[in-house]
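What the sequence shown shows, in mature numbering (1 follows the signal peptide of the UniProt record, and there is no 0), is residues -24 to -1, 1 to 243, in sequence order. Backbone N, C-alpha and C define an ideal beta-carbon position, used for all residues, glycine too. No experiment lies behind these values; they were computed from the predicted model shown.
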Amino acid sequence: MRPFQVLLLITFAFFACHHTLATATEIIPSKSSALTSPDSTVLDLRPHAGRFLRIANAAEAGNDAEDDPELDSTDTEERGILSSIQSKISSMKEKFSMSRKWRKWANTGQSDDAVKKELGLEGLSGTALTTHKNYKYYQKFAYKAEGLKLNGWVYDDISTYDVWKMLGLEKMIEKGVNFKNTPEYRTYQRYVRKYDDSNAIAPERHTLKFTGSDQEKMAKTDVWIAENRPKWFVKKMLGLKGMQKKQRVNDPDYKYYERYLQATGQH
């Protein structure tokens, strides 16, 4: 056992013994009370004192842990704890380092191929890609990079329908593809949430009423439903706010509002 570990162990033993003796002083009854209360519990410190004595003797004599099975067991346990702490510290350092890297790659606009190369993912696909230890960092980079791109589109006030088309969702519908299970559709939904948040104060500026295909408007309505957007917000986004009921019901975009009401139980 190293001198530092011996010193640490002796220090721990000293404080543990001191604490135990102090506790014992409080809980051991007086001789007279022990005589009158046969069931009283008396703390026996002899086993602990013996162990502390063995530890001190071993340290003083410079004995190795293997000379005492009990000390050997304790030393093994200590090494296990130290190893576990070192492993956790190493893992935390790696996560912190990788977090700085993938954030920097996203913020500086690095390409997917460049990032994959840095992470050792170049040329991998399928299970070989997704099971690689660095794949999780690529996912974090990709999500961050996508978010920054969508923020730029929101800033440029690009309509949700334009994004819908840019992502190829209109063509998917034309080909009969189930677009709702695609990553492009998830990106569209994410953009709608960002766009809505940006227009939350003045949603009447939104251009949905005059643009967008039926499928895109339905998809957007589903996002409002999933996000529990309030009625006033949906009305304004559809350009229905301020209309008389008869006028609102006859509006071509009223069916999306009705879809929202039915789904949220407000019909």
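Quick one: give me the first and last residue of the alpha helix (DSSP H) that residue i is part of.
i	result
Ile201	190 to 202
Ala176	Looking at the DSSP string, Ala176 is not in any alpha helix (DSSP H), and its letter there is neither H nor E.
Gly128	111 to 131
Asp138	136 to 142
Thr106	102 to 106
Met219	Here Met219 belongs to no alpha helix (DSSP H), and DSSP marks it neither H nor E.
Gln242	It is not in any alpha helix (DSSP H) - Gln242 carries neither H nor E in the DSSP assignment.
Is it true that the CB of residue j sits closer than 7 Å to the CB of residue i?
i	j	result
Tyr164	Thr197	no
Val91	Phe117	yes
Ala176	Ile201	no
Ala82	Lys112	no
Taking its Cβ as the centre, do 16 or more other Cβ atoms sit within 10 Å of residue i, making it buried, or is it exposed?
i	result
Trp208	exposed
Gly188	buried
Val18	Residue placement at Val18 cannot be trusted, given a pLDDT of 42 that sits under 50; the coordinates are not used to answer.
Gln242	exposed
Lys147	exposed
Thr136	buried
Lys193	buried
Ala195	buried
Since residue i and residue j should fall inside the 8 Å C-beta cutoff, what is the C-beta to C-beta distance between them, to a whole number of angstroms?
i	j	result
Asn110	Gly128	The pair is not a contact, with the Cβ atoms about 27 Å apart (cut-off 8 Å).
residue 253	Val139	Since the first residue of the chain shown is -24 and the last is 243, residue 253 is not available in this structure.
Gln191	Ile149	5 Å
Out of the options, point me to the one whose CA is closest to residue i's CA.
i	options	result
Asp89	Lys231, Lys69, Tyr114, Lys222	Tyr114
Val199	Tyr233, Lys217, Arg224	Tyr233
Val130	Gly102, Tyr171, Pro206	Tyr171
Glu122	His108, Tyr137, Trp78, Val153	Trp78
Leu126	Glu70, Arg76, Ser174, Gly215	Ser174
Lys231	Leu214, Ile61, Ser66	Leu214
Gly144	Pro159, Arg224, Ile57	Pro159
Glu203	Trp81, Gln223, Arg169, Lys80	Arg169
Asp229	Ser60, Leu216, Leu100, Leu58	Leu216
When every heavy atom of the ligand GTP is checked, does at least one fall within less than 6 Å of the C-beta of residue i?
i	result
Ala239	Among the components of this structure there are no ligands whatsoever, and the ligand GTP is therefore not found.
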